[in-house]
Structures are given as C-alpha cells and as structure tokens.
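So the sequences go chain by chain: A and B.
In the working numbering, each residue carries its 1-based index in the first sequence increased by 28.
In the working numbering, each residue carries its 1-based index in the second sequence increased by 537.
Glycine residues also receive a C-beta, built at the ideal position from the N, C-alpha and C atoms.
No experiment lies behind these values; they were computed from the predicted model shown.
Encoded as structure tokens, the structure appears first; notes follow it.
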Amino acid sequence: MSGDRVRFRLYIAGEGPSSKVAIANLKALCDTYFPNRSATEIIDVFEEPATALRDGVMLTPLLCVIGGDTVQKFVGDLSKTAAILGALGIKAESS
Amino acid sequence: MADIAPIGVRKAATGVEGFDEVTHGGLPFGRTTLLEGGPGTGKTVFALQSLLHGAQHCKEPGIFVAFEEVSTHILKNMESFGWNLSLANGQGLYFLDAQPDYTIPHVGDFNLCGMLAALDAQVALMGAKRIVFDAIDVVLVRTENSVTVRREIDRLHNWLLTRELTAIITHKYPSAEPSAISGVLDFMRFAIDCTIVLEQTQQNGISRRKMRVVKYRGSGFEEDKVPFVIGDSGIEVGYTRAKASVEESDTNERLSSGIERLDAMLGGGYRRGANILITGVPGTAKTTLAGAFTQAACRRGERVLFVTFDSEGREMISNLDSVNIGLAQHEADGLLRLYSARTFRGNSEVHLMKITKLADTHGARCMVLDPLSALGKAEDDISFSLAERLAAWAKTHRITILCTSLVAGDTPLLESTNIHVSSIADTWLHLSYLIHGGERNRCLTIVKSRGTSHSNQVRELILSDQGVALADVFVEGGEVLTGTLRYEKEREELRKREARTTENHRIRKRQDIDIARIQTQLDLLRSELEWKIEEGTLLDNAAAMDLRESTQTRSEISRLRRGDNPAIPGEAE
C-alpha cells in the first residue's frame, strides 16, 4: 500500500447525514494517510441505481479501496478509522 | 383451479392450493405480508411458489431477494417440484443475492439504501409487482444497535408501501438465537397488514405441518390452524370452504345400491352426489354393500375408485365373488380402479390428497372408502375435518361417495366420531347382528336418508351365492325375528292360514247341511199343518152336519108324535 496510488470508490445514498459523514471521513483519511496519491470516486446510488445493481451494492455507505489488483471493502460511514487503517495495514498516526 | 371470488381488500392470488381459499382470495395486493416460522417449515417454498404464480398467471413479475440461501441453491432445491422456472433471469422472475458478506468490516453506521436503489432499478427494468425478502432475520444480524435495526426495517417497509409491491417477508421465528430483528418485528407487526405463521410438529413419529393466518387487515379469513403438506408440486393447504348452498336441483338422479329392495326403500336408490355412510361392527357385510354399489355403478358404465384400507385387493374381489358380486371384470375393463392403501404409513393429510388426486386422474364418478375410519386413525382431533373436507370435495366434484366405518358397539348412536361424520352423510345405513334363538343374523337399518321416509326401518340382510337380498323381519312380542326363527315363523303363519281356510270351509259345509235339514223339516211341518187344518175343517163339517141332522130328526119325531109344542128344551131323549 505504501507509495502506490490508491483509488477510492465510495457509494453513498443521497445527501443525508450518513453520506456527509462518510464523505468527510474519507477526505480526512485521504489527506492524512494518502496525500497526493489517491483518487476518489463518489457514486450516489439514488442517482445511479443501475450501477448499484450492477456492482451489488447492498449496504451504504460502501467504500471500495482499490490498490493495485486488490480491492478492500468497508461498510459504514467510516467513523471507525482505526478499523479501516488496521485492515489496510496502515499504522495510525496520533493526531 | 376454481376462481376464488375475493372478499375485502384487493387480493393477489398465490396459486397455492387451498391458501387462496383460507384468505378469501390470496395475499393483500400492494401490501406486505409477514411469513413466520421455524427453520424448515416451508417459508421459502411458499414465498417462491406464490411469486412464480404471480409471474406465470397474473402477469405480475416478481423479484426474489435472498438473504440467507444463495439463489442457485434455492433453485436447485425447488427442482423437485417441477416448476417452470425458465421465467427466471429477468423476464418474470429475478433473483437478487443479498447475502451479507461477513468478510467486509463494518466501520460505522450504515443503511439499506444501496439495496433499495438496486431494487428500484430492477423493478423499473422488469415492471415487477411482487417481491420476496427471504430471511430478513439475517439482514441486520450483525448490527447490535437496535436503533439502526428499527430505522432500517422502517425504511424497508416504507419503500415497499410507496412502491405498492405485493411483498412477502419471511422471518425465521422462533429461532435458536434471539436476534435484534425479532424485537423490531414485534413492533412492525402492528404496521404489517398480514401475518402468517407456519409450523411443523412431530406426533407419533409423523410429521405434521400447519399454517395459521394470525392477522389480515381488511379481510375475513379462516382463523383456525389449517394443515398443509409440501407435496410433489409445492405446498398444498388442506382447506375447502364448505359450500353455503348445496345444489339440490341436480341431485334428483338416483343410483342403484345394487340391492333391489334397498333401492325401493330409498325411493329409487342413493342420490347422485350424495354422501353415504355405512356403519357396523366387523363382519356385518359393509364391504359387501360397498361392492354391490360399485358393481351397480360399473354396470352403468361409470368409473369407480375403490379405496380399501383393510384387505388386499385380490382377496376382497374374490370374497365379493362368493356373493355374486363380480368386480374382476370391471377392473379388467378399466372402469374400476382399486387402490389398496393398507401399507400407507404417514400423514393422513398427504393420504387424503393422494386419494383425491387418484380419483381425479381416474375420472371417477363414484368412490368408495372402506373403511373411512382408517383414514383418520391417528389424529382424532382433525379426523372430523378430514371427513368434512372429503365430503366437501366430493360434493364439489359431484362424486357420489360411499364410506364404511367401524363402530365399536352395536348401537350407532353411541360413537361420537360417527355422530360427527353422520351429520355430513346424506344417507346412513347401519348393519348389525341380531342374536336370537341361538342364531346370529345380519340386519340393516336405514338410520337416516334425506328425501325418503324410510328411516328406522329394519330389514334382514341375506347373503347367498345368488347375491344380496333384504327380507322382512317379524316382530313378535316386541322382538325382531330373523334367520331360521323368521323362517319358522313364516312357515307357521302359512300353516295357520291354511288351517283357518280349511276350518272355514268345513263350517260352511256344515251350515249348508243344517240349512237343508231345516228346510226339509220346515216343509214337513207345513204339510202337517195343512193336513191338520183340513182335518179340522172336516171335523167342523161333520159336526155341523151332525147338528143339522139331529135337529131335523127331532123335528120329524115331534111332528110324528103330534106334539104342538115345538121342541121342549130339556126333554131328553
């Protein structure tokens, strides 16, 4: 994970609080741990239901972390940062 | 399948046999139904079966959202039903695999919007009108936060309502582990329009399935538990609504019972479409009467299904042969279908369905169940409803059905089960033994027969190699005489009659003689009388002449004596 470019695809549902929190959390994550080497794509399932169907998105928010040829998924508004970092194998920075 | 006229709110037919009758038309259209039950009770089968029916017969495409079992798994399991699932994959049916992925970490609050959005896409794509959520208890199982659970279930329910989809949500309940969902669904029960509970129990080693409609807003429904089976082609619910009005008009036709005299007593025979019950202790020739009825039907060219529980088919046919009832010929011709159910062990529901199917395929117009009591042996509580359903089914199909039944005692009025069953029967014949004078003879009583006036009449039933016949009984001193006593009595009566005739004859003859004699005497006396009268006359004449002469003589003498005095009286000569 270190050094490589990382792609984030976040599926959210509308503009409710859950979506806003997820987006904010993702931004924070990117800025802290992947500065200048991340690309983020946000898909609103309400606007693109066919995509949701195609991609099998059942629960939202859903974050797909694509690095190289591995895809790591996370469900939720990304509040549990430690868990995400742990799964990605990134040491948490105390800030 | 007959169209069920829906009553109440608009209904979506499920095509599950019997279920649409229980609910007066099916599931609530455009509303949500909660289908609950333990594992293996048939929820998935029911849900899929009704979804399929909607797609195939009601032009209502459906989506199956699978939370627990993978859809390919489900389809494989359903293969044995022979359903035409070629509609699957987008055309009439769509399977969405929504099993939770346990490898994905949950890192915060989440919702079901993704799924609902995906479903919206699919609904729009195929114009779906029905949807199934199979095993909702699995969906939010990883969430301990009950607020989340409640919120999401609410979301789902609202989504369903606004899309006006006819939905079935299956829920494993009661389940081994309490889930957060159960509590929420308790709350949801108020909001949901229809709740159905499935259960499966073991009784005496036999598995029984029952379903109950717990709640159905805006509609009447059968409130009792109804039995169902998972048969060869899916779920079949054992429920027939009793017809409110039995059509009497087309039951004027009479069918021969096979016994001439009995036909006469019944006003021509059994009514077409009637339910006939023959009770009696073992050995009283119930099967014989059933055989006579069967033979008569076959002779009319009608197809008969004879279900025997007690004897092997061949044995029974040869037994009947000995009383001149030949069924072998009819079986060979294909008119008679003999089904020996002796070795069937299991659920009587399944059995009943099997029998009715047999009758259908055979095209039977008449049916015999010998004995009916064997069908309801194991469960006394629903044996009556079995008989009821059988009777209702027979009436709907205009099949004349004859059932024999065992009674423990010799009085038909004592058996409670038979009282129930007999209330359904149109004609009830009871066979019994009469023991008298060292002999045991069979008697037949017409306990009840709608439309005729021969109730409570007893006749002696005589079996011989000539066939079956009825004879009058003699009642002497309040006792019924049958058998040889009857024969003796008949002979005696004949003798008495002859004796009386002879006696009369003799007396008559006697009288004739007397009359002749008296007549002769009369003539004699008359002659005597005449003679006496004549004699009397002669004497009178003589006397008169005497007097005249004597007077004349005296006058002469006086004259001669020159007496001037006329005759001096008193002068004696």
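Test: residue i CB closer than 8 Å to a CB of chain A
i              : result
G574 (chain B) : no
P565 (chain B) : no
C650 (chain B) : yes
S786 (chain B) : Note that S786 (chain B) scores 44 on pLDDT, short of 50, meaning its location in the model is unreliable; the coordinates nonetheless yield the value given after this. No - not a single Cβ of chain A is within 8 Å of the one on S786 (chain B).
A928 (chain B) : no
Q593 (chain B) : no
F632 (chain B) : no
D671 (chain B) : no
G641 (chain B) : Rather than Gly, the amino acid found at residue 641 (chain B) in this sequence is Ile. Closer than 8 Å to some Cβ of chain A, the Cβ of I641 (chain B) qualifies, so yes.
F601 (chain B) : no
D691 (chain B) : no
D646 (chain B) : yes
A665 (chain B) : no
Q659 (chain B) : yes
A584 (chain B) : no
Any C-beta of chain B under 8 Å from that of residue i
i              : result
Y61 (chain A)  : no
D97 (chain A)  : no
T88 (chain A)  : yes
D105 (chain A) : yes
V34 (chain A)  : no
S123 (chain A) : Interpretation of S123 (chain A) is limited by its pLDDT of 45, a score under 50 that renders its predicted location unreliable; the figure taken from the coordinates is listed afterwards. By this cut-off, S123 (chain A) is not an interface position.
S46 (chain A)  : yes
T73 (chain A)  : Looking at the sequence itself, residue 73 (chain A) is Val, so the reference to Thr does not match. Yes, V73 (chain A) counts as interfacial toward chain B.
L116 (chain A) : no
L54 (chain A)  : no
V93 (chain A)  : no
A67 (chain A)  : no
K119 (chain A) : no
L81 (chain A)  : yes
M29 (chain A)  : For M29 (chain A), the predicted structure reports a pLDDT of 46, less than 50, and the residue's modelled location is therefore unreliable. The matter cannot be settled from this model.
I112 (chain A) : yes
A41 (chain A)  : yes
Which listed residue (the options) has its alpha carbon closest to that of residue i
i              : options                         : result
V818 (chain B) : B:H594, B:S1064, B:R979         : B:R979
V546 (chain B) : B:G757, B:V841, B:G1020, B:G805 : B:G757
L943 (chain B) : B:T824, B:S986, B:P637          : B:T824
R837 (chain B) : B:R902, B:L906, B:R700, B:I854  : B:R902
L873 (chain B) : B:S744, B:V841, B:R851, B:S855  : B:V841
N614 (chain B) : B:D1060, B:G771, B:T845         : B:G771
A928 (chain B) : B:G810, B:A834, B:G850          : B:G810
M904 (chain B) : B:E925, B:D870, B:T941          : B:T941
M748 (chain B) : B:T685, B:L693, B:G575, B:I729  : B:G575
W620 (chain B) : B:Q659, B:R688, B:E852, B:A592  : B:A592
S891 (chain B) : B:G850, B:E773, B:T816          : Residue identity check: residue 891 (chain B) is Lys in the sequence provided, not Ser. Among B:G850, B:E773, B:T816, the Cα nearest to that of K891 (chain B) belongs to B:E773.
L702 (chain B) : B:G567, B:V844, B:I999, B:I690  : B:G567
I690 (chain B) : B:I673, B:R700, B:T699          : B:I673
M853 (chain B) : B:R879, B:D870, B:G775, B:A833  : B:R879
F74 (chain A)  : A:P89, A:C58, A:I94             : A:P89
G629 (chain B) : B:I1050, B:Q659, B:Q636         : B:Q659
P711 (chain B) : B:H694, B:V686, B:Q737          : B:Q737
F670 (chain B) : B:A661, B:H708, B:H643, B:R1099 : B:H708
CB-CB length for residue i against residue j, believed under 8 Å
i              : j              : result
I668 (chain B) : I600 (chain B) : 5 Å
L792 (chain B) : T937 (chain B) : 6 Å
R746 (chain B) : F765 (chain B) : 5 Å
T570 (chain B) : L697 (chain B) : Actually they do not touch by this definition, with Cβ atoms about 10 Å apart.
A603 (chain B) : L564 (chain B) : 19 Å between Cβ atoms; not a contact.
V750 (chain B) : E759 (chain B) : 7 Å
L814 (chain B) : W965 (chain B) : 5 Å
G42 (chain A)  : D72 (chain A)  : 7 Å
V763 (chain B) : Y753 (chain B) : In fact, because the Cβ distance is near 14 Å, the residues do not count as touching under 8 Å.
Measuring CB atoms only, is the region 94-107 of chain A touching the region 644-661 of chain B, in the sense that at least three cross pairs come out at less than 8 Å?
yes
### Query
What are the complete beta strand (DSSP E) segments, minimum 3 residues, inside the region 619-706 of chain B?
630-634, 667-671
Q) Touch check for the region 581-598 of chain B and the region 551-562 of chain B: three-plus C-beta pairs under 8 Å? A) As far as the Cβ criterion goes, the region 581-598 of chain B touches the region 551-562 of chain B, which means the pair count is three or higher.
Are at least three pairs of beta-carbons, each pair with one atom in the region 969-976 of chain B and one in the region 848-863 of chain B, less than 8 Å apart? no
Those runs of the alpha helix (DSSP H) which lie wholly inside the region 33-77 of chain A and span at least 4 residues: The qualifying runs are 45-61.
Margin query: Would you call the region 594-609 of chain B in contact with the region 733-741 of chain B, where contact means no fewer than 3 C-beta pairs closer than 8 Å?
Written below: no
Q: Could you tell me whether the region 665-681 of chain B touches the region 106-118 of chain A, where touching means 3 or more Cβ pairs closer than 8 Å?
A: no
Should the region 34-41 of chain A be regarded as contacting the region 62-72 of chain A, the criterion being three or more beta carbon pairs within less than 8 Å?
In short, these stretches touch, since the Cβ pair count reaches three.
Can we say the region 791-805 of chain B touches the region 604-614 of chain B, given the rule of at least three CB pairs closer than 8 Å?
Below 8 Å, too few C-beta pairs join the region 791-805 of chain B and the region 604-614 of chain B to call them touching: fewer than three.
### Message
Quick test of the definition: if touching needs 3 or more C-beta pairs under 8 Å, does the region 1020-1034 of chain B touch the region 880-900 of chain B?
### Response
Result no; under three Cβ-Cβ pairs closer than 8 Å.
### Query
At which residue ranges does the region 728-779 of chain B contain complete beta strand (DSSP E) runs of 3 or more residues, listed in the order of the chain?
731-740, 743-753, 763-768, 771-774
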